[in-house]
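Chemist: Protein chains in written order, with the numbering used here: chain A, 1 to 338; chain B, 1001 to 1338; chain C, 2001 to 2338. Ideal Cβ positions, reconstructed from N, Cα and C, are used throughout, including at glycine.
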Amino acid sequence: MPDPRFFRRAGPFSLKELAERSGATVAVDGSGDRQFYDVAPLSQAGEGDVSFLDNRKYLEEFLTSRAGAIVVNPDLASRAPTSACLLLSDQPYMAYAHIAKCFYPNTDSSPGIAETALIDKSAKVGENCMIGAGVVIGPKAQIGTKVSIGPNVTIDTAVEIGSGTTIGANASLSHCIIGENCQIHPGVRIGTRGFGFATTATGHIDVPQLGRVIIGNHVEIGANSTVDRGAGPDTVIGDGCRIDNLVQIGHNVHLGRHCVIVSQVGIAGSTVLEDFVVVAAQAGIAGHLTIGAGTMIGAQSGVMADLEPKTKVIGSPAVPVKQFFRQVAALAKMVRKE
Amino acid sequence: MPDPRFFRRAGPFSLKELAERSGATVAVDGSGDRQFYDVAPLSQAGEGDVSFLDNRKYLEEFLTSRAGAIVVNPDLASRAPTSACLLLSDQPYMAYAHIAKCFYPNTDSSPGIAETALIDKSAKVGENCMIGAGVVIGPKAQIGTKVSIGPNVTIDTAVEIGSGTTIGANASLSHCIIGENCQIHPGVRIGTRGFGFATTATGHIDVPQLGRVIIGNHVEIGANSTVDRGAGPDTVIGDGCRIDNLVQIGHNVHLGRHCVIVSQVGIAGSTVLEDFVVVAAQAGIAGHLTIGAGTMIGAQSGVMADLEPKTKVIGSPAVPVKQFFRQVAALAKMVRKE
Amino acid sequence: MPDPRFFRRAGPFSLKELAERSGATVAVDGSGDRQFYDVAPLSQAGEGDVSFLDNRKYLEEFLTSRAGAIVVNPDLASRAPTSACLLLSDQPYMAYAHIAKCFYPNTDSSPGIAETALIDKSAKVGENCMIGAGVVIGPKAQIGTKVSIGPNVTIDTAVEIGSGTTIGANASLSHCIIGENCQIHPGVRIGTRGFGFATTATGHIDVPQLGRVIIGNHVEIGANSTVDRGAGPDTVIGDGCRIDNLVQIGHNVHLGRHCVIVSQVGIAGSTVLEDFVVVAAQAGIAGHLTIGAGTMIGAQSGVMADLEPKTKVIGSPAVPVKQFFRQVAALAKMVRKE
């Protein structure tokens, strides 16, 4: 059970209600009115809990689970423990996500503006915002409604933040326009100067970075990640992108919609990722490239050339996944012979 | 000599006292009462200073050092400069660590709560804490005794911090329980949302992250590192772990006791490291793996499979160290032929 | 046109004046008095704008640009669109940098000390500084003139900051001396404890880190980067170094003058980089090495040995660039045969 000191639970909910909210189907008529109180993993769930099976690695735990209800793919329904009510879904993990949100709707922060927050007179703050202690909001900033801003956050001149967005503690934002319902986590830096300078024989000279960062709706940016503002054009992050912790996004980068950028990835200046690109952890993408829609880049890859849509690459330099593992095998074989 | 503006020195100490506190042995009777005033590297130390030889790269500097006392392995005692008193130890670096701590006991911060710290009425703060300006401590947080919290730190609801722990400036903590005598450095983010979502054809849906971060005693976490809270289970960091700067620890990761995680390493979700695992800089470990006790993972490695205890691997993908260097040599040879 | 909410423009300037300030030459007599109002990329510039051609990838855009003036290498002057005044320079990007700075001179912050800044009585702050809300400045710190310190920054005991330097929001500095005209970006951590401890069979023991961080003039350090203080010697960053975001600099590292360290690079303890070394993104350099002046280290390289001046390496482990690409080709060929 989630620690109640940290997580406030809603509910109970009837099976029928959970089915409706998650798009799942109740397997057996008559069980729809049964009440449920929490979510839990298969191995720990009891009769009041809803659990789920997505990764079939956990099939064994499914077969013996004591969960009161389980979200599961229809093709496994016949193997479920008889004690469990079933919620059938082709996308059990997605259905579970909706159900877990029913129980834990993320309503931690009650609206209010801390006394020690410092909001410039020319800034606008919408209704029902939560603004933490030590927050600094600069001139002409525009904050929508139901925005939550954690303690000690710095929001610079003219920054715009859309309604429903959350900014984590100790983050700092400048030169940016952020959409609605985004989650910007603690320590994120947005709008910092891009790494632009002209090198001469005697040193480097700043090139003013005159663009902004434009972030769409429903974007998540993980803790301590950094997004530089554009050099002239803008840096753009499309709707629904998911960016993990400690990621670097260079100036003028464009991310399409719903890209997934895992921890410690770096994307160099002016590179474009089309929609639904996935970049696994610690990969790097060189500057001025175009990565086609739906492409998947493996962990620790080094991408030095454009990639067609829906390709799968890995390695440094990145090559098609099959080729990479053949190379790995060939190399291992070569030294075994010696 | 350490800059006295930044470091406050204690002492002097007699050789005998330093021997006792460090577990070393005074080589020659009668020198135990001699007083020492500071520590210094072999090449810079004078007659009032204690130095040490650990890495034999520095043997030359040992032979000609003017240090008043040197901590050294007994097998090198006969080659020491005659001007130096000797402190004999099988573990000279460890003995030196204890001696340096005598001179620099890290007592910088005097207890007190800054006027601009904002501590919720329902939070508990133990005696002799140092709480800096701009610190925000949320409802029901529990802070032990002799805890030091740097300026502009954010501590969220119900967080627990054990006695003797230090939290560096501008860090932020949520959803976590931290043990005693830990060092959490500036800018660290603990308890942030894990990177958990369900992907559908139209985008990604948050999966609530309902676990915590549980940190043992004597743990060090370096500047700007990030530790996500568990998805359901907790993220756990065992006693005595040493984590460097800019490290990413994913949700549900378990670190055993005394692991060493060097800078910029990333450990993906649900992976388990047993005790005394060492992960060198910039390495990555994929999710859902088990790394056996005492295993050493080389810098920039990419670990994609479980590892037995006490193995030594390097490379991406990681292979045994010997194999890696054979592969490197074979590849170099192959292109020389061409 | 840069968004006027974020960027304040100066000007207009005559072509002659821009030529003088940038070291370029006006191509045709008589056009020197023409006034210009802004800078813009070749494809977007209009008759009041100054643009430039540096990377010949953009030659097509140059040929058809409607810019009123273009900075260009003399050898391309004859191909310029007839509508454009030309500013001739052997280093067009550098000349453009100077011109862009004329229009955007970076004078955002007006001097003043925020009421909620907390400055210790024993600290000294020079004239014309901008000190933001929530800033904490410790005892005996020394801040020069025209220093700009963003909101929620923490500056610890005895830190020195030279005149004209900018410290970004939410950064924290300790145990360091910073030169003049530096740009320290948001979230940077300087002077944190180096990763130094002695390992024993029962755990790890802190070795006090008794050095400082010494930073020269005109140094830039990117967002959320970390620079540890020395263990005994100092960590040193030479004049004019450019360090990008999320970079780790270990204890005792010495960077010469004008080094360029791109995002997510890690440099391990006690390594020395001579002047004008370039380290591309995500590369790592092991400890106790010397990297010769002017050497270039490719992205994601792993450097495990000293490097002579002006060498070019890439790969992990790093090898000469030519060898690396031969190895890549040989490996690909090997698996194609199979």
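1) Applying the criterion that 16 or more other CB atoms from any shown protein chain within 10 Å of the CB defines a buried residue, is B:E1308 buried or exposed?
2) Helix, strand or coil: how does DSSP classify C:V2328 here?
3) Could you check what DSSP says for A:K310 in three-state terms: helix, strand or coil?
4) Assuming the contact rule is C-beta atoms closer than 8 Å, A:C102 and A:F13 should be a hit. Round their C-beta distance to whole Å, please.
5) Confirm, please, whether the CB-CB distance from A:V262 to B:F1197 is below 8 Å.
6) Output, in chain order, the set of chain B residues within a Cβ distance shorter than 7 Å of A:V28.
7) May I ask you to list, following chain order, the residues of the region 1120-1151 of chain B that have a beta carbon less than 7 Å from some beta carbon of chain A?
8) Nearest to C:Q2248 by CA position, among C:D2234, C:Q2282 and C:D2275, is which residue?
9) Considering A:F103, what are the terminal residues of the beta strand (DSSP E) in which it resides?
10) What did DSSP end up calling A:P317 once you bin it into helix, strand or coil?
11) What residue range does the alpha helix (DSSP H) around B:L1063 cover?
12) Within 8 Å (strictly less), CB to CB, does B:V1207 reach chain A?
13) Pick from B:G1179, B:T1165, B:I1119 and B:G1164: whose alpha carbon is nearest that of B:I1155?
14) Residues in its own chain within less than 7 Å of B:Q1300 by CB, not counting five upstream and five downstream?
15) Could you name the residues of the region 2182-2198 of chain C whose beta carbon sits closer than 7 Å to any beta carbon of chain B, in the order they occur along the chain?
16) So what does DSSP say about C:V2335, is it helix, strand or coil?
17) Does any residue of chain B bring its CB to less than 8 Å from the CB of C:P2004?
18) Which of the three DSSP states, helix, strand or coil, is assigned to B:A1019?
19) Mind pulling the chain B residues with CB within less than 7 Å of C:N2055?
20) Which residues in the same chain have their Cβ closer than 8 Å to the Cβ of A:D275, if we skip the five residues on either side of it in sequence?
21) In this structure, how does DSSP classify B:L1246 when only helix, strand and coil are distinguished?
22) Counting contacts by CB-CB distance shorter than 8 Å, is B:V1313 in contact with chain A?
23) Kindly give me the distance between the Cβ atoms of C:A2231 and C:H2251, rounded to whole angstroms, as I take these residues to be in contact under 8 Å.
24) Are there 16 or more other CB atoms within 10 angstroms of the CB of A:G30, so buried, or fewer, so exposed?
25) Based on DSSP bridge pairs, tell me the residues matched to B:S1014.
26) Ignore the nearest five residues each way along the sequence and tell me which others in A:P114's own chain have a CB closer than 8 Å to its CB.
27) Anything in chain C within Cβ reach of B:F1007, meaning under 7 Å, just list it in chain order.
28) Determine the DSSP secondary structure at B:E1198, reduced to helix, strand or coil.
29) Report, in whole angstroms, the separation of the C-beta atoms of A:A67 and A:S78, which I expect to be a contact under 8 Å.
30) Please confirm whether B:C1182 and B:N1217 have their CB atoms less than 8 Å apart.
31) So A:T116 contacts chain B; which residues on that side make the cut at Cβ distance below 9 Å?
32) Distance check for C:L2273 and B:I1285, CA to CA, integer angstroms please.
33) How would you call A:N55, buried or exposed, if buried means at least 16 neighbouring beta carbons within 10 angstroms?
34) Ordered along the chain, which non-local residues of its own chain (more than five positions away) have a Cβ less than 7 Å from that of B:P1074?
35) Just confirm the distance between the C-beta atoms of C:R2193 and B:H1185, as a whole number of angstroms; I'd bet it's less than 8 Å.
36) Would you kindly work out how many angstroms separate the C-alpha atoms of A:T226 and A:G187, rounded to a whole number?
Modeler: In terms of the structure at hand:
1) Stepping through the second sequence from its first residue, residue 1308 of chain B is reached at position 308. Under this definition B:E1308 is an exposed residue.
2) Looking up residue 2328 of chain C in the third sequence gives position 328. DSSP places C:V2328 in the helix class (H, G or I) of the three-state scheme.
3) Counted from its first residue, the first sequence places residue 310 of chain A at position 310. Secondary structure of A:K310 (DSSP, three-state): coil.
4) Your numbering for residue 102 of chain A matches position 102 in the first sequence. Your numbering for residue 13 of chain A matches position 13 in the first sequence. Going by Cβ atoms, the distance from A:C102 to A:F13 rounds to 6 Å, so yes, they are a contact pair.
5) Your numbering for residue 1197 of chain B matches position 197 in the second sequence. Your numbering for residue 262 of chain A matches position 262 in the first sequence. Not in contact: B:F1197 and A:V262 (Cβ atoms no closer than 8 Å).
6) For the purposes of this step, residue 28 of chain A is taken as the residue at position 28 of the first sequence. In chain order: nothing, as chain B lies at least about 25 Å away.
7) G1134, V1136 and K1140
8) Your numbering for residue 2248 of chain C matches position 248 in the third sequence. Here the closest residue by C-alpha is C:Q2282.
9) By 1-based counting over the first sequence, the position of residue 103 of chain A is 103. Premise fails: A:F103 lies in the alpha helix (DSSP H), P92 to F103, not in any beta strand (DSSP E).
10) If you number the first sequence from 1, residue 317 of chain A lands on position 317. Coil at A:P317, not helix or strand.
11) Start at 1 with the first residue of the second sequence, and residue 1063 of chain B comes out as number 63. Run containing B:L1063: L1059 to L1063, per the alpha helix (DSSP H) assignment.
12) Position 207 of the second sequence, counted from the first residue, corresponds to residue 1207 of chain B. With 8 Å as the cut-off, B:V1207 counts as an interface residue toward chain A.
13) As a working note, residue 1155 of chain B is residue 155 in the second sequence. Considering only alpha carbons, the answer is B:I1119.
14) Within the second sequence, residue 1300 of chain B is the residue found at index 300, counting from 1. Taking C-beta separations shorter than 7 Å and ignoring five residues to either side along the sequence, the partners of B:Q1300 in its chain run Q1282, A1283 and S1316, following chain order.
15) G2187, R2189, T2192, R2193, F2195, F2197 and A2198
16) Here residue 2335 of chain C refers to the residue found at position 335 of the third sequence. Helix at C:V2335.
17) Start at 1 with the first residue of the third sequence, and residue 2004 of chain C comes out as number 4. Not closer than 8 Å to any Cβ of chain B, the Cβ of C:P2004 fails to qualify, so no.
18) Stepping through the second sequence from its first residue, residue 1019 of chain B is reached at position 19. Correct three-state label for B:A1019: helix.
19) For the purposes of this step, residue 2055 of chain C is taken as the residue at position 55 of the third sequence. Under the 7 Å cutoff, chain B gives no residues; its nearest Cβ is about 30 Å from C:N2055.
20) The residue labelled residue 275 of chain A in the question sits at position 275 within the first sequence. Hits under 8 Å: G238, G256, R257, H258, C259, A293 and G294.
21) To locate residue 1246 of chain B, count along the second sequence from 1; it is residue 246. Of the three classes helix, strand and coil, the one that applies to B:L1246 here is coil, per DSSP.
22) In the second sequence, counting from the first residue as 1, residue 1313 of chain B sits at position 313. Output row for B:V1313: interface = no.
23) For this step, residue 2231 of chain C is matched to residue 231 along the third sequence. For this step, residue 2251 of chain C is matched to residue 251 along the third sequence. That pair is a contact at about 5 Å.
24) For the purposes of this step, residue 30 of chain A is taken as the residue at position 30 of the first sequence. The residue is exposed, with fewer than 16 neighbouring Cβ atoms inside 10 Å.
25) What you label residue 1014 of chain B is simply residue 14 of the second sequence in a count that begins at 1. B:S1014 is bridged to B:Q1035.
26) Residue numbering aside, residue 114 of chain A sits at position 114 when the first sequence is read from its first letter. Pro is not the amino acid found at residue 114 of chain A; the sequence shown has Ala there. The answer, listed in chain order, is I131, G132, A133, G134, V135 and P151.
27) Within the second sequence, the letter at position 7 stands for residue 1007 of chain B. Correct list: L2210.
28) For the purposes of this step, residue 1198 of chain B is taken as residue 198 along the second sequence, with counting starting at 1. The sequence given here places Ala at residue 1198 of chain B; Glu does not occur at that position. Correct three-state label for B:A1198: strand.
29) As a working mapping, residue 67 of chain A is identified with position 67 in the first sequence. As a working mapping, residue 78 of chain A is identified with position 78 in the first sequence. About 17 Å; that fails the 8 Å criterion.
30) Taking the second sequence and counting its residues from 1, one reaches residue 1182 of chain B at position 182. Taking the second sequence and counting its residues from 1, one reaches residue 1217 of chain B at position 217. Yes, the pair counts as a contact, with Cβ atoms nearer than the cut-off.
31) Here residue 116 of chain A refers to the residue found at position 116 of the first sequence. Here the neighbours are T1116, L1118, G1134 and V1136.
32) Residue mapping note: residue 1285 of chain B aligns to position 285 of the second sequence, counting from 1. Residue mapping note: residue 2273 of chain C aligns to position 273 of the third sequence, counting from 1. Taking the straight line joining both Cα atoms gives about 29 Å.
33) On the first sequence, residue 55 of chain A is found 55 positions in, with the first residue counted as 1. A:N55 is exposed by the Cβ-count criterion.
34) By one-based count along the second sequence, residue 1074 of chain B stands at place 74. So the list reads L1088, once near-sequence residues are dropped.
35) Looking up residue 2193 of chain C in the third sequence gives position 193. Looking up residue 1185 of chain B in the second sequence gives position 185. With a Cβ gap of about 7 Å, C:R2193 and B:H1185 count as contacting.
36) Looking up residue 226 of chain A in the first sequence gives position 226. Looking up residue 187 of chain A in the first sequence gives position 187. Spanning the two alpha carbons is a distance of roughly 9 Å.
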